[in-house]
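This report refers to the structure that appears directly beneath it.
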Amino acid sequence: MTATADDAPPPPRVVEDCRGVLKVLSDGTIVRSPAPSVDVPADPSVEWKDAIYDAELGLGLRIYKPAAPSPAAGAGVTSSNLPVVVAFHGGGFCINSYATPHFHAACTRLAAGTGALVLSADYRLAPEHRLPAAIHDAAAVLLWLGAQISSPSPSAADPWLSSLADPDKVFVTGESAGGVLTHHLNVRFSGAAPAAELHPVRLRGFVPMMPFFTGVSPTPSELACPDGAYLNRDMSARFVRLCLPPGAAGDADHPFLNPLGPGAPALDGVDVAPTLVLVAGDDILRDRNVEFVRRMREMRKPVEMVEFPGQGHAFFSLRAWSEAVEELIRVFKRFMDKACQIQAL
1 MTATADDAPP PPRVVEDCRG VLKVLSDGTI VRSPAPSVDV PADPSVEWKD
51 AIYDAELGLG LRIYKPAAPS PAAGAGVTSS NLPVVVAFHG GGFCINSYAT
101 PHFHAACTRL AAGTGALVLS ADYRLAPEHR LPAAIHDAAA VLLWLGAQIS
151 SPSPSAADPW LSSLADPDKV FVTGESAGGV LTHHLNVRFS GAAPAAELHP
201 VRLRGFVPMM PFFTGVSPTP SELACPDGAY LNRDMSARFV RLCLPPGAAG
251 DADHPFLNPL GPGAPALDGV DVAPTLVLVA GDDILRDRNV EFVRRMREMR
301 KPVEMVEFPG QGHAFFSLRA WSEAVEELIR VFKRFMDKAC QIQAL
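According to UniProt numbering, the sequence shown is numbered sequentially starting from 1.
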């Protein structure tokens with residue numbers, strides 16, 4: 001009997017769609033498409049270039065160099081000892097990269113406003129590479145930075161890092177999923193023994209921006225989140241299904257995403273460096289971010305918070321030239337200055 005077109009299996013259908021950039025089909029096929037072209041102006045005073053930090057995995061980062069420091073940069077800051085900010089993009093661990101136009105623009109703004117070298121790093125994305133792959137990659141960035149700065153052969157290292165970076169003033173930040181990576185790096189490297197792995201890098205502080213912390217029981221800000229929000233409940237749940245290990249997919253209380261949840265390791269006895277959590281007032285994650293700060297303070301961790309009323313999720317990158325981001329960068333710079341002064345005593 002001859003097969004007919006009617007006997008052919010139906011074509012695979014889309015079962016997960018992340019803004020059209022990432023689609024997962026019913027047969028398991030993963031389709032990635034170029035992100036829509038977005039024209040976001042970068043700060044023209046900032047130079048940038050790309051580098052590879054893990055050749056085997058093909059992972060790179062973008063280094064941003066601000067203009068020569070002005071007198072406002074602070075005492076002791078010159079063009080040869082710039083602080084360093086390591087930054088990680090958002091995207092639910094599933095989409096985006098350091099080259100995404102709006103995050104690129106935001107990093108130029110951060111470099112210009114803080115007077116720091118900014119290293120904006122990629123990491124492996126889910127669902128091809130589920131967590132903890134991104135956490136391992138983020139740690140590798142810091143280890144690579146230490147190796148670059150301490151290289152016995154300056155010619156073998158990136159000249160911006162070997163000649164301009166101040167290893168004594170290194171900060172870590174990230175937006176959304178990148179904010180989660182920021183927290184995990186804080187826990188991973190803030191103790192005396194693990195910090196020694198990064199020598200001569202000294203981590204002064206961490207700035208999670210709107211970290212993508214999740215949980216099973218919905219919060220008021222999640223329940224109130226409109227469907228049209230940039231990050232809404234449906235998109236959040238989709239990221240949770242796609243980024244966690246197969247056996248835990250969809251578990252919003254998993255310790256990778258809920259560091260203070262019922263199954264997470266206790267943080268009471270864990271060293272944590274000075275931390276500034278930046279919260280968006282109209283963000284679906286607002287309540288989880290505030291609760292994270294409250295719980296960490298109860299454990300007497302050096303964690304503070306600044307909330308930006310009226311701002312939505314990922315406003316740092318999505319509204320890079322807004323007044324709110326101007327203020328965010330001022331807050332960031334004050335935190336950097338304070339962290340360096342405190343630890344210098």
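Think of the CB as a built atom: it goes at the ideal place given N, C-alpha and C, for glycine as much as any other residue.
In the DSSP assignment, Arg-204 falls within the unbroken beta strand (DSSP E) covering 203-209. Inclusion of Ala-138 and Leu-181 in the CB contact set at 8 Å is warranted, their separation being smaller than that value. DSSP places Ser-120 inside the beta strand (DSSP E), whose first and last residues are 117-121. A direct Cα-Cα distance of roughly 11 Å separates Val-325 from Ala-280. Taken atom to atom, the span from the alpha-carbon of Pro-259 to that of Val-187 is near 10 Å.
Secondary structure note for Ile-63: its beta strand (DSSP E) is the uninterrupted segment 59-65. Boundaries of the beta strand (DSSP E) around Cys-18: 14-18.
With respect to Phe-93, Cys-340 sits apart: the two C-beta atoms are not nearer than 8 Å. In this structure Arg-124 is in contact with Ala-133, their Cβ atoms being roughly 4 Å apart against a cut-off of 8 Å. Rounded to the nearest whole angstrom, the CA to CA distance from Phe-308 to Thr-114 is 19 Å. Take the alpha-carbon of Arg-334 and the one of Leu-25: they are about 47 Å apart. In this structure, Val-38 places its C-beta atom within 8 Å of the C-beta atom of Pro-101.
Secondary structure note for Arg-32: its beta strand (DSSP E) is the uninterrupted segment 30-32.
At least 8 Å separates the beta-carbon of Pro-218 from that of Arg-130.
The count of Cβ pairs closer than 8 Å, one atom from the stretch 279-296 and one from the stretch 310-324, reaches three, so the stretches are in contact.
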